[in-house]
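S.K.: First, the structure itself, so that you have it in front of you.
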Amino acid sequence: AQNVTVDEIMTAYKQACQKLNCKQIPKLLKQIQEFKDLAPRIDCLDLKGEKLDYKACEALEEIFKRVQFKIVDLEQTSLDEDGASALFDMIEYYESATHLNISFNKHIGTRGWQAAAHMMRKTNCLQYLDARNTPLLDHSAPFVARALRISSSLIVLHLENASLSGRPLMLLATALKMNMNLRELYLADNKLNGLQDSAQLGNLLKFNSCIQILDLRNNHILDSGLAYICEGLKEQRKGLVTLVLWNNQLTHTGMAYLGMTLPHTQSLETLNLGHNPIGNEGVRNLKNGLIGNRSVLRLGLASTKLTCEGAVAVAEFIAESPRLLRLDLRENEIKTGGLMALSLALKVNHSLLRLDLDREPKKESVKSFIETQKALLAEIQNGCKRNFILAKEKEEKEQKLQQSASMPEITVTEPLEEDPAEDGRDGSATSAPEEGEEAGETPTASENGDAEPAEDGDDGDDMTDSDSDTDEEADAGLETKDLSETLPKSPDSADGATTPQPLLSLEKPRDRPPPLHIAEESQRDAGMGTPAVSPASAPSQGNERRISVSSPGRGHKIFVVTRPQTPAPATKPELPALRANGTVPESAAGSATLPAAPSTGSEPERGDPAVCESLAHDTPLPNGLKTDFARALPEASSDGDGKMGSCAAEHELSCSKNEQELEELLLEASQDAGQEPL
179 AQNVTVDEIM TAYKQACQKL NCKQIPKLLK QIQEFKDLAP RIDCLDLKGE KLDYKACEAL
239 EEIFKRVQFK IVDLEQTSLD EDGASALFDM IEYYESATHL NISFNKHIGT RGWQAAAHMM
299 RKTNCLQYLD ARNTPLLDHS APFVARALRI SSSLIVLHLE NASLSGRPLM LLATALKMNM
359 NLRELYLADN KLNGLQDSAQ LGNLLKFNSC IQILDLRNNH ILDSGLAYIC EGLKEQRKGL
419 VTLVLWNNQL THTGMAYLGM TLPHTQSLET LNLGHNPIGN EGVRNLKNGL IGNRSVLRLG
479 LASTKLTCEG AVAVAEFIAE SPRLLRLDLR ENEIKTGGLM ALSLALKVNH SLLRLDLDRE
539 PKKESVKSFI ETQKALLAEI QNGCKRNFIL AKEKEEKEQK LQQSASMPEI TVTEPLEEDP
599 AEDGRDGSAT SAPEEGEEAG ETPTASENGD AEPAEDGDDG DDMTDSDSDT DEEADAGLET
659 KDLSETLPKS PDSADGATTP QPLLSLEKPR DRPPPLHIAE ESQRDAGMGT PAVSPASAPS
719 QGNERRISVS SPGRGHKIFV VTRPQTPAPA TKPELPALRA NGTVPESAAG SATLPAAPST
779 GSEPERGDPA VCESLAHDTP LPNGLKTDFA RALPEASSDG DGKMGSCAAE HELSCSKNEQ
839 ELEELLLEAS QDAGQEPL
């Protein structure tokens, strides 16, 4: 309705109640009086706990007719079949809600679910449906399954404790294989078993790569069920980000399956295995899989029957991990030996921001060990604080460098003649991340004895490899709040938006493609099968152009473009001019990550490589950056084909035909990557 006033709504509702001979709801009248701006959607219509019979539901139509809401909360409103079907029909017809809560309504029956399914299918605005503790039984499930198959607009679906085990789950899982919109699926407390139910879930994961959160806590998945789920996980190239397996009676046997699966998963960031009797052997089975995995940022091992021996295995993983952000080890019997191992691991780890341990020291036979435990706990906390400060500094440094980069940045990298961090990175090619660089990891691995984080080390290298988590957050438009405030609030299932991470806000999964990050790529990229380019082999590959495009959570793509060597007029004066200026021209600012990089400004020289090299090393940088920075810029290779990267946005420059082809190829590649759903 147009131009409605609060008084009109009140009058219409009261008249409807009189006409239908039903009581007015005081809680509702109070809310109507407080309505402010009626034009957009009002935040919430809260009817939680009010008893709504059929007549009360009919009277509500006078409100739904006139205003729309973001949230309509019908939790525990004792809805029956008639009331539920009437309400859902209204919500569908008037597009009343984007978030609907119908939880704790045990008697909505088949017709209620039928109307709910119709609403899910027809409403384009409904994004969130919470039906916890509202049983979805055999005869109702087909309607809901059909609605989900025809790709409804739902993004979040809560079906905890909805009696799904058996046929209802089979129908839902089969339908969701086709669904491309759903991002979060919560199936806790459904007594799901380790056989048929788990097989259905494994099957779902094989075919659906859009679901990002799957919560299976408090079921009976068992080791046999985990084997099915792992089969599905292996197929997930992009997709599942959070998997919660809390309290599913998993043991060390199941961890062996999971350990073999983890190196194959590329998107999984949060894995919660809390309250399972995994034991020390289970963590040992998991350790190598975790070390081989390149995506896990948060790991939950609370109450998993670990002792010092298990803590040592976990510490080995921490020491190896360049990206782990959070680890939960509460409610385990970890004493002095285990804490010592964890403390030592934190000395070489530069990513872990939060390690949860029990505050009170464990009982020890030797009294003095209790003091030792307290000291070690404090040391561990300090290690996390230090990492947090480093991450913060790195973020600030990158924000200064990043002058409003608004489009996907693409750099053309050539084999470097000399790279100060080359040895460090080559040595750690197996453990340093080349794909899925996600969480502020350092390019050098700890086994080289190089415990220095990238921030403290070579400036230039750090700026070229802008693969830190915080950088991506800045790009994605997320604000990292002070972690000391946000971290403690994060729940056990780690919903993911509180710790720094490249996960885009799930509410708006398609706002824009994430910016592509560029890294100097001079190692092999196992995925694409491209051979490594060592500095020694640079001359022989002079006529190859290597474009390395990396994007958060999706790994690297490397394009090798070869082209005949054509002499081009040298434009020598432009390069020094740009370098002296120290900034990027307006037209290039959109795609420049490195403010002082000549590569994005104008067509650099193709003449004498020696001139180019001396420029790169001898010219001081007036904007206060270290001269090491120049060394990390792409240099001319020895055959004189010294064209550094030209920006995809600048076609107005006088480019030869070959360059234009290269630019088109780059542009196409960046659009290609951008179209993949997050």
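Counting in the working numbering, the sequence shown runs from 179 upward without gaps. Here a beta-carbon is modelled for each residue, glycine too, at the ideal position from N, C-alpha and C. All values derive from a computational prediction rather than experimental measurement.
With a threshold of 16 other CB atoms inside 10 Å of the CB of aspartate 375, please say whether the residue is buried or exposed.
M.R.: By the neighbour-count rule (16 or more Cβ atoms within 10 Å), aspartate 375 is buried.
S.K.: Start and end of the alpha helix (DSSP H) containing asparagine 450?
M.R.: Unbroken run through asparagine 450 is the beta strand (DSSP E), 448 to 450; no alpha helix (DSSP H).
S.K.: Do glutamate 212 and glutamine 246 count as a contact pair if the criterion is CB distance below 9 Å?
M.R.: Not in contact: glutamine 246 and glutamate 212 (Cβ atoms no closer than 9 Å).
S.K.: Would you mind sorting leucine 411 into buried or exposed? The rule is 16 or more other CB atoms within 10 Å of its CB.
M.R.: It counts as buried.
S.K.: First and last residue of the alpha helix (DSSP H) that includes aspartate 260?
M.R.: Taken as a continuous stretch (DSSP letters only), the alpha helix (DSSP H) holding aspartate 260 covers 259 to 272.
S.K.: Return the residue from the list Val422, Thr420, Gln414, Gly432 that minimises the CA-CA distance to glycine 403.
M.R.: When only C-alpha atoms are compared, the closest one is Gly432.
S.K.: Check this for me: beta carbons of glycine 227 and glutamine 254, under 9 Å apart or not?
M.R.: In contact: glycine 227 and glutamine 254 (Cβ atoms closer than 9 Å).
S.K.: Can you tell me which of the three DSSP states glycine 516 falls into?
M.R.: Helix.
S.K.: Of the residues Ala351, Leu392, Asn368, Asn359, which one's Cα is nearest the Cα of asparagine 381?
M.R.: Checking every option, the nearest Cα to that of asparagine 381 belongs to Ala351.
S.K.: Which parts of the stretch 473 to 548 are runs of the beta strand (DSSP E), unbroken and 3 residues or longer, counting only runs that do not cross its ends?
M.R.: With a minimum length of 3 residues, the continuous beta strand (DSSP E) runs that stay inside the stretch 473 to 548 are 476 to 478, 504 to 506, 532 to 534.
S.K.: Report the CB separation of tyrosine 191 from isoleucine 241 in whole angstroms; it is logged as a contact under 8 Å.
M.R.: 6 Å between Cβ atoms; contact.
S.K.: Sort out for me which residues DSSP pairs tyrosine 364 with in a bridge.
M.R.: The partner list for tyrosine 364 (beta bridge, DSSP) reads His336, Asp393.
S.K.: Ordered along the chain, which non-local residues of its own chain (more than five positions away) have a Cβ less than 7 Å from that of phenylalanine 495?
M.R.: Excluding sequence neighbours, phenylalanine 495 sits near Lys465, Leu468, Ile469.
S.K.: Near asparagine 160, what residues of its chain come up, given a Cβ to Cβ distance below 6 Å and the 5 sequence neighbours on each side ignored?
M.R.: The shown model of the chain, from 179 to 856, leaves out residue 160, and the question about it has no answer.
S.K.: In chain order, what are the residue ranges of uninterrupted alpha helix (DSSP H) at least 4 long that sit wholly in the stretch 382 to 439?
M.R.: Those alpha helix (DSSP H) runs which fall completely within the stretch 382 to 439 and span 4+ residues are 400 to 413, 430 to 439.
S.K.: Would you kindly report the start and end of the unbroken beta strand (DSSP E) that includes leucine 354?
M.R.: Looking at the DSSP string, leucine 354 is not in any beta strand (DSSP E); the run it does join, the alpha helix (DSSP H), is 345 to 354.
S.K.: Within the continuous alpha helix (DSSP H) that includes histidine 296, where are the two ends?
M.R.: Per DSSP, histidine 296 belongs to the alpha helix (DSSP H) from 287 to 300.
S.K.: With DSSP as the reference, label leucine 843 as helix, strand or coil.
M.R.: Reduced to three states, the DSSP call for leucine 843 is helix.
S.K.: Is cysteine 790 helix, strand or coil when you go by DSSP?
M.R.: Residue confidence is low: cysteine 790 scores 43 on pLDDT, short of 50, so the model does not pin down where it sits. No coordinate-derived value is stated.
S.K.: Taking the C-alpha atoms as reference points, what is the distance between arginine 219 and cysteine 303?
M.R.: Distance between the alpha carbons of arginine 219 and cysteine 303 is about 11 Å.
S.K.: How big is the Cα-Cα spacing for valine 422 and proline 346?
M.R.: Computed Cα separation, rounded: 21 Å.
S.K.: So what does DSSP say about phenylalanine 247, is it helix, strand or coil?
M.R.: Phenylalanine 247: strand per DSSP, three-state reduction.
S.K.: Checking 9 Å against the spacing of the C-beta atoms, do glycine 478 and threonine 448 come in under that value?
M.R.: Their beta carbons are under 9 Å apart, which means glycine 478 touches threonine 448 by this criterion.
S.K.: My understanding is that asparagine 386 touches lysine 369, with C-beta atoms under 8 Å, so please give their C-beta distance in whole angstroms.
M.R.: Asparagine 386 to lysine 369, Cβ: 23 Å. No contact.
S.K.: Any idea what DSSP makes of cysteine 303, helix, strand or coil?
M.R.: If DSSP states are grouped into helix, strand and coil, cysteine 303 belongs with coil.
S.K.: Helix, strand or coil for isoleucine 280, going by three-state DSSP, please let me know.
M.R.: Three-state result, isoleucine 280: coil.
S.K.: Could you tell me if proline 455 is buried or exposed, where buried requires 16 or more neighbouring beta carbons within 10 angstroms of its beta carbon?
M.R.: Its Cβ having fewer than 16 others within 10 Å, proline 455 is exposed.
S.K.: Just checking my contact of leucine 349 with proline 320 at CB under 8 Å: how many whole Å lie between their CB atoms?
M.R.: That belief holds up - the Cβ atoms of leucine 349 and proline 320 are roughly 6 Å apart, short of 8 Å.
S.K.: By the three-class DSSP mapping on this structure, what secondary structure does cysteine 200 have?
M.R.: Three-state DSSP puts cysteine 200 in coil, outside helix and strand.
S.K.: So what does DSSP say about aspartate 316, is it helix, strand or coil?
M.R.: Reduced to three states, the DSSP call for aspartate 316 is coil.
S.K.: Work out the CA separation of leucine 520 and glutamine 559 for me, nearest whole Å.
M.R.: Roughly 11 Å between the two C-alpha positions.
S.K.: Who are leucine 223's beta bridge partners in DSSP?
M.R.: DSSP lists Val250 as partners of leucine 223.
S.K.: Below 8 Å on the Cβ atoms is my guess for alanine 434 versus valine 461; work out the distance and round it to an integer in Å.
M.R.: In fact, because the Cβ distance is near 11 Å, the residues do not count as touching under 8 Å.
S.K.: Run through the DSSP bridge pairs and tell me what aspartate 138 is partnered with.
M.R.: Since the first and last residues shown for the chain are 179 and 856, residue 138 lies out of range.
S.K.: Taking the CB atoms as reference points, tell me whether leucine 503 and asparagine 471 lie closer together than 9 Å.
M.R.: In this structure, asparagine 471 does not lie closer than 9 Å to leucine 503 by Cβ.
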